[in-house]
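In this note's numbering, the protein residues as written are 233 to 482.
Just so you know, even glycine gets a beta-carbon here, dropped at the ideal spot from N, CA and C.
Written out below as structure tokens is the structure these notes cover.
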């Protein structure tokens, strides 16, 4: 596998939100491409389930609630050095603008933005990121194309995208890259939540707008693997939109 640039052989990759959805599939794909993975999330049962599906050896589970500063510090201290970080943890809670409160604003920003900044900063400050490593931040097309009820989710993802570009600028001299992946609708537990809150007709009408259909976790995970691999060594500060053609009509 190491005869091609499309591999992660010999690399150690930390994946947040690794217990389900895109984070789970990213862990599986990274391991399949030769990486040693460090899985972190809050649910140990789900993490153990993912762990059993990983190819190769040397993988780790570190239980961590990124909203807890002490647990985040412990996570960073538990890591020796890593070649890749994939930020998948986050939440979606739609609220109309008129229903927003400081509590609701903070909940989304803490989960989707503050934790990303705090973990990234802590890893860099502790010198746990190897030269020529890669960060991949999971964003969303909502960051540039907000939807009704999604003001805080869109704002949090737009903030992540701006932060990613700054990381790319500040650490390019060390060969450290930072990129975002921005999917549209992907069939994850979040997708199931969205379906439960919409009528069948509304969902069918939305799905019909995707020329290539909605996405699956493996579609996003494989793009993440590319951005972690040496094959993308000349790519940094970018935002890869993955929408099945949805935005072509906009």
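- Query: Under 8 Å, do residue 248 and residue 321 count as touching if we go by C-beta distance?
  - Reply: yes
- Query: Measuring CB to CB, does residue 299 end up less than 8 Å from residue 347?
  - Reply: yes
- Query: residue 238: buried (16+ other C-beta within 10 angstroms of its C-beta) or exposed?
  - Reply: exposed
- Task: Locate the alpha helix (DSSP H) running through residue 281, then write down its first and last residues.
- Result: 276-283
- Message: Short of 6 Å in beta carbon distance, which residues of its chain neighbour residue 336, apart from the five on each side in sequence? Order them along the chain.
- Response: 327
- Query: Can you list, in chain order, the residues of its chain whose CB lies under 7 Å from that of residue 443, leaving out five sequence neighbours each side?
  - Reply: 476, 477, 480
- Message: Considering Cα atoms alone, identify which of 324, 450, 473, 464 is closest to residue 364.
- Response: 464
- Message: Across the region 282-295 and the region 260-273, are there enough close Cβ pairs to call them in contact, namely three or more that are closer than 8 Å?
- Response: yes
- Answer yes or no: do residue 471 and residue 393 have a C-beta to C-beta separation smaller than 8 Å? yes
- Could you give the DSSP three-state label for residue 262: helix, strand or coil? helix
- Query: Does DSSP put residue 345 in a helix, in a strand, or in coil?
  - Reply: helix
- Taking the continuous beta strand (DSSP E) assigned at residue 473, which residues delimit it? 471-474
- Can you tell me whether residue 460 is buried or exposed, with buried defined as 16 or more other CB within 10 angstroms of its CB? buried
- Query: Under 8 Å between the Cβ atoms of residue 395 and residue 317?
  - Reply: no
- Task: Could you check what DSSP says for residue 438 in three-state terms: helix, strand or coil?
- Result: helix
- Where the alpha helix (DSSP H) through residue 368 begins and ends: Careful: residue 368 lies outside any alpha helix (DSSP H), inside the beta strand (DSSP E) at 361-370.
- Query: Applying the criterion that 16 or more other CB atoms from any shown protein chain within 10 Å of the CB defines a buried residue, is residue 498 buried or exposed?
  - Reply: Nothing about residue 498 can be reported from this structure: the residues present for the chain run from 233 to 482 only.
- Item | Helix, strand or coil at residue 256 [DSSP, three-state] | helix
- Task: Return the first residue and the last residue of the alpha helix (DSSP H) that residue 451 is part of.
- Result: 449-460
- Message: Bridge partners for residue 268 per DSSP, in chain order?
- Response: 244
- Is it the case that the Cβ atoms of residue 446 and residue 456 are separated by a distance below 8 Å? no
- Task: May I ask which residues mark the beginning and end of the alpha helix (DSSP H) holding residue 396?
- Result: 383-403
- Message: Please state the DSSP three-state secondary structure of residue 410.
- Response: strand
- According to DSSP, is residue 443 helix, strand or coil? coil
- Item | Euclidean distance between Cα positions of residue 312 and residue 245 | 11 Å
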